[in-house]
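There are 2 protein chains.
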Amino acid sequence: MKIGILGTGIVGRTIGSKLVTLGHEVNLGSRTSDNEQGRAWAEQTGARAAHGTFADSAAFGQLLFNCTPGHASLAVLAAAGRENLRHKPLIDVANPLDFSKGMPPTLFVGNDDSLGEQIQRAYPELKVVKTLNTVNCEVMVDPNRVAAGDHTMFLCGNDSGAKASVRELLLGGFGWRDVIDLGDISNARATEALLPIWVRLYGALKTADFNVKVVR
Amino acid sequence: MKIGILGTGIVGRTIGSKLVTLGHEVNLGSRTSDNEQGRAWAEQTGARAAHGTFADSAAFGQLLFNCTPGHASLAVLAAAGRENLRHKPLIDVANPLDFSKGMPPTLFVGNDDSLGEQIQRAYPELKVVKTLNTVNCEVMVDPNRVAAGDHTMFLCGNDSGAKASVRELLLGGFGWRDVIDLGDISNARATEALLPIWVRLYGALKTADFNVKVVR
Numbered sequence: 036m037k038i039g040i041l042g043t044g045i046v047g048r049t050i051g052s053k054l055v056t057l058g059h060e061v062n063l064g065s066r067t068s069d070n071e072q073g074r075a076w077a078e079q080t081g082a083r084a085a086h087g088t089f090a091d092s093a094a095f096g097q098l099l100f101n102c103t104p105g106h107a108s109l110a111v112l113a114a115a116g117r118e119n120l121r122h123k124p125l126i127d128v129a130n131p132l133d134f135s136k137g138m139p140p141t142l143f144v145g146n147d148d149s150l151g152e153q154i155q156r157a158y159p160e161l162k163v164v165k166t167l168n169t170v171n172c173e174v175m176v177d178p179n180r181v182a183a184g185d186h187t188m189f190l191c192g193n194d195s196g197a198k199a200s201v202r203e204l205l206l207g208g209f210g211w212r213d214v215i216d217l218g219d220i221s222n223a224r225a226t227e228a229l230l231p232i233w234v235r236l237y238g239a240l241k242t243a244d245f246n247v248k249v250v251r
Numbered sequence: 036m037k038i039g040i041l042g043t044g045i046v047g048r049t050i051g052s053k054l055v056t057l058g059h060e061v062n063l064g065s066r067t068s069d070n071e072q073g074r075a076w077a078e079q080t081g082a083r084a085a086h087g088t089f090a091d092s093a094a095f096g097q098l099l100f101n102c103t104p105g106h107a108s109l110a111v112l113a114a115a116g117r118e119n120l121r122h123k124p125l126i127d128v129a130n131p132l133d134f135s136k137g138m139p140p141t142l143f144v145g146n147d148d149s150l151g152e153q154i155q156r157a158y159p160e161l162k163v164v165k166t167l168n169t170v171n172c173e174v175m176v177d178p179n180r181v182a183a184g185d186h187t188m189f190l191c192g193n194d195s196g197a198k199a200s201v202r203e204l205l206l207g208g209f210g211w212r213d214v215i216d217l218g219d220i221s222n223a224r225a226t227e228a229l230l231p232i233w234v235r236l237y238g239a240l241k242t243a244d245f246n247v248k249v250v251r
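As you go down the protein sequences, you meet chains A and B in turn.
Using the numbering used here, read the first sequence as starting at 36 and increasing by one per residue.
Using the numbering used here, read the second sequence as starting at 36 and increasing by one per residue.
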């Protein structure tokens with residue numbers, strides 16, 4: 036499948052590399068077509084890896100990933116271009132982290148909103164699926180690195196077809212074993228609200244190789 | 036030990052009964068000294084169980100529990116009386132749930148505050164320890180009812196002595212096996228922020244017998 040990843044940071048590059056190993060073609064998008072991280076990644080990753088602008092990446096992908104910092108995500112989608120986003124599934128792994136008040140970060144959305152919903156409202160034709168935002172990017176694409184994969188991923192979104200495709204990628208592609216569908220995109224409020232505990236556990240455990248398992 | 040529990044609802048009664056079985060003396064407090072739930076609980080629970088007003092309960096206890104609805108907690112502590120609270124450890128199991136906008140509830144605190152901090156600020160001499168608020172009351176006092184107790188409880192607070200006592204009660208008394216100390220009371224922001232996912236998992240799993248395990 037052709038996949039566009041918005042963001043050339045560590046999250047975008049890690050997911051992009053995994054998708055290439057799974058046989059997909061990936062275009063990593065950034066603000067400019069000569070982004071150094073995008074160019075280096077594409078060179079290192081091989082024939083199925085390319086880079087371009089946000090608009091190039093969005094136009095290329097049949098499936099899109101939002102791997103940009105939460106505070107930049109809406110501006111990035113605007114740069115990607117509404118016509119390049121229309122009717123496509125977008126996996127939103129970003130978090131509305133606000134570092135402006137110091138550490139640990141707070142969230143720039145209140146309890147009655149989420150970044151996932153903001154993106155869905157701004158682009159009603161986009162099929163936003165919120166997932167993977169609750170773990171470090173290394174764990175996103177390789178859940179087995181923590182406790183042999185015995186832990187939980189959440190997803191939510193309004194489009195059941197898009198959610199089914201994303202679930203298949205998580206289970207069959209990335210190796211997740213327990214994926215809980217929370218319902219529509221408004222449930223992104225709950226998974227984004229896991230970031231406050233994530234950043235504190237990161238401090239307490241001194242590693243990003245952790246996750247939660249929903250035991251029942 | 037003499038323990039005062041503020042609140043005669045299901046949470047207060049469940050914790051109270053467990054503490055009595057552990058050999059403690061418990062006074063369950065409510066707004067009036069003739070509260071029907073308090074009276075019935077005390078009669079059923081035996082010689083070490085009593086009930087009274089919030090002030091009676093707080094004066095009685097060497098250790099206190101806040102088992103009131105979050106929106107009522109500060110008013111309850113005012114009714115309990117500052118002189119009855121001074122220098123005592125208070126285990127705050129309440130959550131700042133706001134049901135006024137419908138279901139699922141939101142939180143009435145923002146990302147940069149918590150009910151635990153509000154209580155600590157209002158009563159600086161109280162030794163507030165936030166814990167147990169992330170699970171159903173049946174699980175609070177009997178973690179073994181879920182996955183043989185293989186899951187995680189968090190605690191936080193400013194007083195290390197109070198936290199050590201509470202940890203001992205959780206491990207030795209209630210049967211918890213994995214208790215993570217997140218640091219000072221400001222970390223209550225993170226554990227109270229687990230309520231949005233808790234209420235959604237309660238809906239998805241159709242049971243309150245669940246919790247999260249931090250796997251690492």
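A virtual CB, placed ideally from N, CA and C, is assigned to each residue, including glycine.
All values reported here derive from a predicted model rather than from experimental measurement.
Under a CB-based cut-off of 8 Å, is residue i close to chain B?
i	result
A/N222	yes
A/A129	no
A/G145	yes
A/T88	no
A/P15	In the structure as shown, chain A starts at 36 and stops at 251, and residue 15 of chain A therefore has no counterpart that could be examined.
A/I50	no
A/L206	no
A/T166	no
A/L217	yes
A/A228	yes
Using 8 Å for Cβ pairs, my map puts residue i next to residue j. What's the rounded Cβ distance?
i	j	result
A/V164	A/V174	Going by Cβ atoms, the distance from A/V164 to A/V174 rounds to 18 Å, so no, they are not a contact pair.
A/K248	B/K248	5 Å
B/I215	B/Q155	Not a contact, Cβ separation roughly 20 Å.
A/A157	A/L109	6 Å
A/P139	A/S200	The Cβ separation is near 34 Å, so there is no contact.
A/K162	A/A129	Between A/A129 and A/K162 the Cβ distance is about 16 Å, and since that is not below 8 Å, they are no contact.
B/H106	A/V250	With 8 Å as the limit, B/H106 and A/V250 do not qualify as a contact, their Cβ atoms being about 30 Å apart.
B/P131	B/V144	5 Å
B/R212	B/G184	5 Å
8 Å is my cut-off, CB to CB: does residue i come that close to chain A?
i	result
B/H186	yes
B/V249	yes
B/G235	For the record, residue 235 of chain B in the displayed sequence is Arg; it is not Gly. So, interface residue.
B/F245	yes
B/K136	yes
B/V181	yes
B/T141	yes
B/A225	yes
B/P231	yes
B/A114	no
B/L240	yes
Below 8 Å CB to CB, which residues in the same chain sit around residue i once its five sequence neighbours on both sides are set aside?
i	result
A/D147	R224
A/A94	G39, G116 and N119
B/T88	G64, S65, R66, T67, S68 and A114
A/N179	G210
Tell me, which residues are paired with residue i by DSSP?
i	result
B/D244	Partner(s): none; B/D244 has no beta bridge.
A/E60	A/K37
B/I232	DSSP, once it has assigned bridges, lists no residue as partnering B/I232.
A/V249	B/V247
A/I215	A/F189
A/S65	A/T88
Short of 7 Å in beta carbon distance, which residues of its chain neighbour residue i, apart from the five on each side in sequence? Order them along the chain.
i	result
A/T141	D133
B/E160	R121 and H122
A/G81	V55
B/W76	T43, R48, G51, L63, A84 and H86
B/R235	P139
A/F189	T166, T169, I215, L217 and T226
B/V46	C102, V128 and C172
A/V176	T49, I50, K53 and F209
A/F253	The question about residue 253 of chain A has no answer here: the residues shown for chain A are numbered 36 through 251.
Only counting the same chain, and skipping five residues up and downstream in sequence, which positions put a Cβ closer than 6 Å to that of residue i?
i	result
A/G42	C102 and T103
A/G96	K37, I38 and G39
A/S149	A223, R224 and E227
A/E60	K37 and R83
B/D194	K162
Can you determine whether any heavy atom of the ligand MN sits closer than 7 Å to the C-beta of residue i, and answer yes or no?
i	result
B/G73	This structure lacks the ligand MN; in fact it carries no ligand of any kind.
Would you say residue i lies against chain E (beta-carbon separation less than 8 Å)?
i	result
B/V163	Going by chain labels, chain E is absent from the structure shown, which instead holds the protein chains A and B.
In the stretch 163 to 210 of chain B, which residue ranges form an unbroken alpha helix (DSSP H) of at least 4 residues, counting only runs that do not cross its ends? 172 to 176 and 195 to 203
For the stretch 92 to 149 of chain A, which segments carrying the alpha helix (DSSP H) assignment without a break, of at least 4 residues, lie completely within its bounds, in sequence order? 108 to 115 and 117 to 120
What are the uninterrupted segments assigned as alpha helix (DSSP H) that are 4 or more residues long and contained completely in the stretch 68 to 94 of chain A, given in chain order? 71 to 80
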